[in-house]
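Q: Protein chains in written order, with my numbering: chain A, 114 to 428; chain B, 106 to 367.
One structure follows; several queries about it will come next.
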């Protein structure tokens with residue numbers, strides 16, 4: 114009961130990066146607990162995924178063939194079966210859209226306390242995890258009672274495991290009940306005339322713009338800089354710009370030479386989509402806005418004062 | 106059908122805030138309806154307007170202070186509200202399962218066919234309560250829904266789940282179900298003056314654990330918030346000083362150096 118079970122994630126034929134990061138997190142935790150690291154691969158091309166997941170530090174990989182894509186009924190049944198078999202102290206799941214579609218259910222079923230969106234952890238007579246609150250404005254530590262738990266772990270917090278391991282791979286039959294949530298297909302929603310991922314310079318607008326008619330000001334800036342216009346999520350939610358302009362976890366991941374963030378606070382979902390930019394410039398009124406943590410240059414000030422002056426500089 | 110909407114009042118931290126003990130000082134928090142739940146309320150009210158929902162009931166775990174926020178949901182069109190609070194929650198960091206204990210009891214009482222809630226609460230950001238609730242009460246579920254088309258006759262909800270990277274999953278979910286709602290699902294309305302007046306007369310049923318047949322032991326949390334602090338900034342940003350004109354001039358210089366606007 115000191116083992117760790119990591120549940121990997123894949124989509125449309127590809128293992129997602131967070132799966133390899135979870136191997137690192139899982140190995141760390143297994144080391145402190147003095148147990149083994151088990152990894153589950155559920156659905157899809159399980160043998161190929163098992164190969165990719167076979168990294169040093171992984172003790173055992175279980176493949177569960179059952180359908181091609183994610184189905185929360187199958188995932189929950191598979192985890193339940195494996196927990197029954199392995200009796201692990203910890204179940205680690207990616208804090209992803211699909212992870213959050215089954216981890217809370219399986220934690221509830223197993224009566225494991227759940228901590229979501231975990232950034233890190235320490236184990237010393239008990240588990241303490243680090244996570245954020247209040248829109249990333251504060252970090253907290255949370256003590257977890259008991260010796261079993263389920264954690265959903267944020268992507269990008271642990272380095273992906275590398276190398277070739279010698280884990281045993283075992284195929285497991287899991288009988289899942291018929292699912293009451295049937296996946297009918299997928300739709301790409303970020304298509305269209307512009308691909309912001311191709312731009313060398315992006316001017317990106319966020320909630321700080323306040324009103325739809327103010328977007329024009331940022332369009333002027335983009336024009337003046339010869340840049341492409343993009344945005345954070347709230348702008349697209351409001352219907353002020355189309356979905357193909359959205360930078361972030363649910364939008365596009367961009368890596369331009371220069372990224373100018375205007376009125377964007379830098380929520381983690383946004384940062385996930387642009388932190389790979391070569392140079393990041395942020396204009397924001399809040400000096401504590403997380404966007405400044407990853408910016409190379411920052412102006413703490415009102416965008417309505419700064420942007421017109423900046424446009425003038427380039428005219 | 107009856108629709109139950111989980112509604113949370115959340116605190117948003119001011120730009121400048123102090124931490125007292127393991128939370129942000131109350132005076133530095135602005136309380137409001139959780140943004141995600143606003144979309145869930147709108148979805149439920151639209152179902153009522155379409156004649157699909159007969160009644161929209163909100164449920165909140167929160168102190169009396171939350172009544173103001175609940176009234177906003179009522180003003181937007183919810184029919185009545187249930188608010189559960191108890192001394193047992195005072196100063197505790199409720200875990201998912203204890204919230205589900207409360208919500209399960211309310212579901213038993215209300216017998217909804219559809220439960221809607223936000224994907225997550227803006228303050229604690231677990232994103233787990235809805236799916237855990239579905240498991241407990243034996244409902245089907247879908248997390249992170251950004252498109253909803255309810256076919257009551259067929260007994261299904263056709264939803265889109267917003268996956269990462271601009272991909273949506275199209276899924277057919279059997280009713281009864283719990284759906285967690287993503288921002289952008291709809292355009293949440295502002296409460297009208299008439300709505301606000303009507304909300305004053307709508308019922309907010311205040312309950313404690315005993316009213317729901319629960320005790321403090323049932324909702325004992327496995328989680329304890331042991332520390333809260335401002336994250337260490339590893340920022341090496343050059344903060345450009347000066348008034349707007351000076352700052353813009355310096356930034357223009359930096360941008361030109363990077364080949365921008367050339």
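Beta carbons are placed, not taken as given, at the ideal position from N, Cα and C, and that holds for glycine.
For clarity, every value in this text was computed on a predicted model and none was experimentally measured.
Could you tell me which chain A residues have their CB closer than 9 Å to the CB of residue 336 of chain B, listed as they occur along the chain?
A: Neighbours of residue 336 of chain B on chain A, chain order: 245, 249, 250, 251, 252, 403, 406.
Q: Got a sec? Which residues, its chain only, sit under 6 Å from residue 257 of chain B by beta carbon, not counting five neighbours each side?
A: Excluding residues within five positions, the ones whose Cβ falls inside 6 Å are 157.
Q: Within 10 Å of its beta-carbon, does residue 272 of chain A have 16 or more other beta-carbons around it, so buried, or fewer, so exposed?
A: Residue 272 of chain A is exposed by the Cβ-count criterion.
Q: What does residue 299 of chain A touch in chain B if you count any residue whose Cβ is under 9 Å from its own?
A: Residues of chain B passing the Cβ test: 268, 272, 273, 274, 275.
Q: In this structure, how does DSSP classify residue 331 of chain A when only helix, strand and coil are distinguished?
A: Of the three classes helix, strand and coil, the one that applies to residue 331 of chain A here is helix, per DSSP.
Q: Does the pairing of the region 406-419 of chain A with the region 352-363 of chain B give three or more beta-carbon distances under 8 Å?
A: As far as the Cβ criterion goes, the region 406-419 of chain A touches the region 352-363 of chain B, which means the pair count is three or higher.
Q: What is the DSSP secondary structure of residue 333 of chain B, reduced to helix, strand or coil?
A: In this structure, residue 333 of chain B counts as strand in the three-state DSSP scheme.
Q: In chain order, what are the residue ranges of uninterrupted beta strand (DSSP E) at least 3 long that sit wholly in the region 250-300 of chain B?
A: List check, beta strand (DSSP E) in window: 261-267, 272-279, 282-286.
Q: Anything in the region 185-196 of chain B with a Cβ closer than 7 Å to a Cβ of chain A? List those residues in chain order, please.
A: Listed by position along the chain: nothing, the set is empty.
Q: Quick check on the burial criterion: 16 or more other C-beta atoms within 10 angstroms. Buried or exposed for residue 298 of chain B?
A: It counts as exposed.
Q: From B:209, B:122, B:114, B:275, pick the residue whose C-alpha is nearest to that of residue 314 of chain B; which is it?
A: Of the listed residues, the one whose Cα sits closest to residue 314 of chain B is B:209.
Q: Would you mind giving the Cβ-Cβ distance between residue 436 of chain B and residue 294 of chain B, rounded to the nearest angstrom? I have them listed as a contact below 8 Å.
A: Nothing about residue 436 of chain B can be read from this structure; chain B reaches only from 106 to 367.
Q: Taking the alpha carbon of residue 57 of chain B as the reference point, which residue from B:304, B:186, B:147 has its own alpha carbon closest?
A: Coverage of chain B is limited to positions 106 through 367, which leaves residue 57 of chain B absent and any answer about it impossible.
Q: Sorted by chain position, which residues of the same chain lie with C-beta nearer than 6 Å to residue 323 of chain B's C-beta, five sequence neighbours on each side aside?
A: Here the set comprises 206.
Q: Contact check, residue 215 of chain B vs residue 109 of chain B under 8 Å by CB: the rounded distance?
A: The Cβ separation is near 6 Å, so the contact holds.
Q: Based on the DSSP output, what are the partners of residue 216 of chain A in its beta bridges?
A: Bridge partners of residue 216 of chain A: none, in fact.
Q: For residue 355 of chain B, tell me which candidate among A:211, A:427, A:247, A:317 has the shortest Cα-Cα distance.
A: It is A:427.
Q: Taking a Cβ distance cut-off of 7 Å, strictly less, list which residues of the region 324-351 of chain B are near chain A, in chain order.
A: Taking 7 Å as the Cβ-Cβ cut-off against chain A, the residues of the region 324-351 of chain B that qualify are 327, 328, 329, 330, 331, 332, 333, 334, 335, 336, 338, 339, 340, 342, 343, 344, 345, 349, 350.
Q: Tell me whether residue 308 of chain A sits in a helix, a strand or coil according to DSSP, three-state version.
A: Coil.
Q: Quickly, what does DSSP pair residue 124 of chain B with across the bridge? List them, please.
A: Answer is B:129, bridged to residue 124 of chain B.
Q: Counting Cβ pairs, one atom from each stretch, are 3 or more of them under 8 Å apart for the region 231-241 of chain A and the region 167-182 of chain A?
A: Result no; under three Cβ-Cβ pairs closer than 8 Å.
Q: Runs of 4 residues minimum, wholly inside the region 180-231 of chain A: which ones carry the alpha helix (DSSP H) assignment?
A: The region 180-231 of chain A contains these whole alpha helix (DSSP H) runs: 185-199, 212-223.
Q: List in chain order: all unbroken beta strand (DSSP E) runs of 3+ residues lying wholly within the region 124-176 of chain A.
A: Within the region 124-176 of chain A, the complete beta strand (DSSP E) runs of at least 3 residues are 150-155.
Q: In this structure, does DSSP put residue 411 of chain A in helix, strand or coil?
A: Note: residue 411 of chain A maps to strand in three-state DSSP.
Q: How long is the line joining the alpha carbons of residue 142 of chain A and residue 194 of chain A, rounded to whole angstroms?
A: Residue 142 of chain A and residue 194 of chain A: Cα-Cα distance of roughly 21 Å.
Q: Return no unless some Cβ of chain B is closer than 8 Å to the Cβ of residue 323 of chain A.
A: No, residue 323 of chain A does not count as interfacial toward chain B.
Q: Any chance the region 246-256 of chain A sits against the region 282-297 of chain A, with 3 or more Cβ pairs inside 8 Å?
A: Segments in contact, no.
Q: Check whether chain B comes within 8 Å of residue 410 of chain A, counting only Cβ atoms and requiring the distance to be less than that.
A: Chain B contact via Cβ: present.
Q: Quick test of the definition: if touching needs 3 or more C-beta pairs under 8 Å, does the region 324-342 of chain B touch the region 362-381 of chain A?
A: They do not touch, by the three-pair rule.
Q: From residue 237 of chain B to residue 348 of chain B, what distance separates their C-alpha atoms?
A: Cα-Cα distance, rounded: 51 Å.
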